[in-house]
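Working notes, beginning with the structure itself.
Number of protein chains: 2
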Amino acid sequence: MFVARQTGPQPYKKICSSTIPTTPTNQPTPQFPSKTFHKKSTTSPLLHLPPPPPTTLPLNNNQTKMPSSTKTYESRSKTHPTAAGRKLLQIMAQKRTNLCLSMDHTDPEKILSLVHQLGPKICLLKTHIDIIAFPPTTTTTTSIKSFTTKLQALAQQHTFMIFEDRKFADIGSTVQHQYRGGVYEIASWADITNAHAIPGPGIIQGLKEVADGIEEPRGLLLLAEMSSRGNLGGGEYQEKTLAMARSREWRGFVMGFIAMKEVGGGGDGEEEEEEEDFIVMTPGVGLRVGGDGLGQQYRTPEEVVGRDGCDVVIVGRGIVGADDPVAVAEVYRERSWRAYEGRITKG
Amino acid sequence: MFVARQTGPQPYKKICSSTIPTTPTNQPTPQFPSKTFHKKSTTSPLLHLPPPPPTTLPLNNNQTKMPSSTKTYESRSKTHPTAAGRKLLQIMAQKRTNLCLSMDHTDPEKILSLVHQLGPKICLLKTHIDIIAFPPTTTTTTSIKSFTTKLQALAQQHTFMIFEDRKFADIGSTVQHQYRGGVYEIASWADITNAHAIPGPGIIQGLKEVADGIEEPRGLLLLAEMSSRGNLGGGEYQEKTLAMARSREWRGFVMGFIAMKEVGGGGDGEEEEEEEDFIVMTPGVGLRVGGDGLGQQYRTPEEVVGRDGCDVVIVGRGIVGADDPVAVAEVYRERSWRAYEGRITKG
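Residue numbers (the numbering used here), protein chains in the order written: chain F, 1084 to 1430; chain D, 1084 to 1430.
Take a look at the structure:
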């Protein structure tokens, strides 16, 4: 059963990004300054939203070893093999949010305004820099660079990370240019990006060589499967992707997966079993089951986090398309967090 | 056996793009103005290049019905189910080239200069707009829009089409924005683009809805497999991709595949057998077998076109990295064209 429903969000403490460790440690979690983001509930006018389901869902996990989904984000933040993963898990634990906001707007000013409002609710901001309609009469420096700099400032202010959902899908030599260069210079500002495994291991190697040249932690998610109807991921494709992710060559770079349920996590051999921990992020999450007419399909936070063992819930249109995005984001945050807490207590 | 080696390129006639039919026709191919691009060989200083192999390679095709690879580009240009495909096949037939130049440079001025030199050799220019280092202090209109307009003018002048190798790989609603919008506005200037099938049919539907709003023909290639080591395409993945491509919903939009060998072409049933014709374009082609250290692998034009039934040979670094790109492009053009001619005579 869920714990009794709380009437508002739990206060969480501000984390200074600079204090987040970038190497694994067994030290106690440091205490951060006590400034809170907000103190009162913002969930009042939500009569149109369905209530959360009354019970937790059974964890859908066939692992014989202890899976990551039964461990706390806090404990994983001390042992995760990637610096970007440790930073993200610590933000999640301290801010009490496993919500990623998917920002699909195309107006840069609107995006910055929404991110400023929603920043306190999220651990991660997912962007599509290449759909934004930057003003054509300004310079790329003024428009794009200024925008990404402002995003980084908001990430610092509200303590979240930035995930450019680029879905790299080319050979190694090409993705290197796409990640580092062009007008977007993704590697310079996005903490996390993602890639399809279909081109083979060269794509990871190519991206990692760029990431290795960046001072701040950079993490990569691989797409193991997608949330869209008829997608060709999952199954054998996912198995091959997992095998690719497990290579020791990029142990400090591949931080997890975009997938519909927990991936790996139990270790694939004696040597690995203590270490393997992939952060799973899941799109296609709604407060009701449904779709968008272009193949996107939705599941609820309880299904995604509680039953299927995913870590981060990615929500876009469900929040930014709402009349009161902050209030709806809080519903998503609360339900996703409670689904996580329910999962942990069973572990 | 190959026919006796010619001492230079065959002259080909200039095609006015405006005269290329955009609907299927059984009329004779129209005659174009007789201006030739060049009259003498440019292949003199190529002692460092290996000679072409002395014999054709056996066609590697298990189709029971007559495959597209045994038909001429000219005959296919009259019946291909997509307007973009008909235009491309007619350019290939008239210009006597099945060479696509892959432009992987990042300097926009260098690109325009190379395309101006190499335009007469190619049927198609493959771009990566998102790796180009546009000057950060100019406006996006001045830099990007001006660049793509110049590319279109070169395409008109030298009669080739433009293929933005974007490798779309997201859900339908996202790729719509990526294809139409952002600072690159790909749909406005690229005749052809490509997509991975992994997100499922929604990606094709999303892109097609954008293409339907463009006046000029727009074609889509699906990635059935890749040329990089350890790629997850081919086999069952390719079969699913082919099944997706065959849907009648996007019969006038999906023009072919990026693949390593012929795909489909014999029809998948009685109703389809007269119509199916997928243009297959193949990267990873070199004059010698080899690789790039980031997983890319190379085959020769004779293997790709003559043996494996591919239509368009995509060459990048082999040409633009050469001391004399025009001369090397001519070697690729001639060898790829002769491999095609050898294939046709066996059909």
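Don't be surprised by glycine CBs; every beta carbon is placed ideally from N, CA and C. Quick caveat: nothing in here was measured; it's all calculated off a predicted structure.
Identity of the residue in the options nearest residue i by Cα
{"i": "residue 1200(D)", "options": "1221(D), 1240(D) and 1213(D)", "result": "1240(D)"}
{"i": "residue 1333(D)", "options": "1361(D), 1249(D) and 1197(D)", "result": "1361(D)"}
{"i": "residue 1307(D)", "options": "1283(D), 1290(D), 1409(D) and 1292(D)", "result": "1283(D)"}
{"i": "residue 1249(D)", "options": "1305(D), 1230(D), 1319(D) and 1243(D)", "result": "1305(D)"}
{"i": "residue 1384(F)", "options": "1398(F), 1245(F) and 1163(F)", "result": "1398(F)"}
{"i": "residue 1403(D)", "options": "1162(D), 1172(D), 1198(D) and 1179(D)", "result": "1198(D)"}
{"i": "residue 1216(D)", "options": "1406(F), 1289(F), 1153(F) and 1261(F)", "result": "1261(F)"}
{"i": "residue 1246(D)", "options": "1209(D), 1264(D), 1256(D) and 1314(D)", "result": "1209(D)"}
{"i": "residue 1259(F)", "options": "1162(F), 1286(F) and 1374(F)", "result": "1286(F)"}
{"i": "residue 1257(D)", "options": "1289(D), 1279(D), 1278(D) and 1213(D)", "result": "1289(D)"}
{"i": "residue 1242(F)", "options": "1179(F), 1408(F) and 1165(F)", "result": "1179(F)"}
Local Cβ density within 10 Å of residue i, reported as buried at 16 or more and exposed below that
{"i": "residue 1298(D)", "result": "exposed"}
{"i": "residue 1411(D)", "result": "buried"}
{"i": "residue 1294(F)", "result": "buried"}
{"i": "residue 1324(D)", "result": "buried"}
{"i": "residue 1339(D)", "result": "buried"}
{"i": "residue 1319(F)", "result": "exposed"}
{"i": "residue 1151(D)", "result": "buried"}
{"i": "residue 1406(F)", "result": "exposed"}
{"i": "residue 1170(D)", "result": "buried"}
{"i": "residue 1296(D)", "result": "exposed"}
{"i": "residue 1359(F)", "result": "buried"}
Contacts around residue i, its chain only, beta-carbon distance under 7 Å, and the 5 residues preceding and following it disregarded
{"i": "residue 1266(F)", "result": "1223 and 1227"}
{"i": "residue 1126(F)", "result": "Because the pLDDT of residue 1126(F) is 39, which lies under 50, any placement of that residue in the model is unreliable, and the number read from its coordinates should be weighed accordingly. Excluding residues within five positions, the ones whose Cβ falls inside 7 Å are 1091, 1410, 1413 and 1414."}
{"i": "residue 1211(F)", "result": "1187 and 1248"}
{"i": "residue 1291(F)", "result": "1333 and 1336"}
{"i": "residue 1281(D)", "result": "1252"}
{"i": "residue 1218(D)", "result": "1226"}
{"i": "residue 1420(F)", "result": "1179, 1180 and 1181"}
{"i": "residue 1433(F)", "result": "The structure shown has nothing for residue 1433(F), since chain F only spans 1084 to 1430."}
Neighbourhood of residue i by C-beta, 6 Å cutoff - its chain only, sequence neighbours within 5 removed
{"i": "residue 1235(D)", "result": "1272"}
{"i": "residue 1393(D)", "result": "1363, 1365 and 1387"}
{"i": "residue 1330(F)", "result": "none"}
{"i": "residue 1104(F)", "result": "Annotation note: pLDDT 44 at residue 1104(F) (below 50); position unreliable, no value reported."}
{"i": "residue 1438(D)", "result": "It is not possible to answer for residue 1438(D), since the shown part of chain D is limited to 1084 through 1430."}
{"i": "residue 1165(F)", "result": "1302, 1335 and 1338"}
Check whether residue i and residue j have beta carbons under 8 Å apart
{"i": "residue 1401(D)", "j": "residue 1369(D)", "result": "yes"}
{"i": "residue 1312(D)", "j": "residue 1274(D)", "result": "no"}
{"i": "residue 1379(F)", "j": "residue 1254(D)", "result": "yes"}
{"i": "residue 1327(D)", "j": "residue 1316(D)", "result": "no"}
{"i": "residue 1382(F)", "j": "residue 1372(F)", "result": "yes"}
{"i": "residue 1269(D)", "j": "residue 1264(F)", "result": "no"}
Same chain, Cβ closer than 8 Å to residue i, five either side skipped, listed in chain order
{"i": "residue 1195(D)", "result": "1230, 1233, 1234 and 1237"}
{"i": "residue 1176(F)", "result": "1112, 1155, 1156, 1157 and 1160"}
{"i": "residue 1167(D)", "result": "1244, 1274, 1275, 1300, 1301, 1302 and 1338"}
{"i": "residue 1130(F)", "result": "Note that residue 1130(F) has pLDDT 38, beneath the 50 cutoff, so the model's placement of it is unreliable and the number below is only indicative. If we look at residue 1130(F) and ignore the five residues flanking it on each side, it has no Cβ neighbours."}
{"i": "residue 1408(D)", "result": "1197, 1200, 1201 and 1402"}
{"i": "residue 1279(D)", "result": "1250, 1251, 1252, 1286, 1305 and 1306"}
{"i": "residue 1355(D)", "result": "Note that residue 1355(D) scores a pLDDT of 47, beneath 50, so its modelled location is shaky; the value from the coordinates is reported in the next line. Excluding residues within five positions, the ones whose Cβ falls inside 8 Å are 1329."}
{"i": "residue 1192(F)", "result": "none"}
Is the region 1413 to 1430 of chain F touching the region 1384 to 1393 of chain F in the sense that three or more CB pairs, one from each, lie closer than 8 Å?
In short, these stretches touch, since the Cβ pair count reaches three.
Decide yes or no for the touch test of the region 1409 to 1416 of chain D against the region 1194 to 1209 of chain D: beta carbon pairs closer than 8 Å, at least 3 of them.
Flag = yes, the region 1409 to 1416 of chain D and the region 1194 to 1209 of chain D touch.
Validate contact between the region 1328 to 1347 of chain F and the region 1361 to 1374 of chain F using beta carbons, cut 8 Å, 3 pairs:
The region 1328 to 1347 of chain F vs the region 1361 to 1374 of chain F: in contact.
Stretch-stretch touch, CB-based, cutoff 8 Å, three pairs: the region 1178 to 1192 of chain D with the region 1173 to 1190 of chain F:
Taking 8 Å as the limit for Cβ pairs, the verdict is that the region 1173 to 1190 of chain F does not touch the region 1178 to 1192 of chain D.
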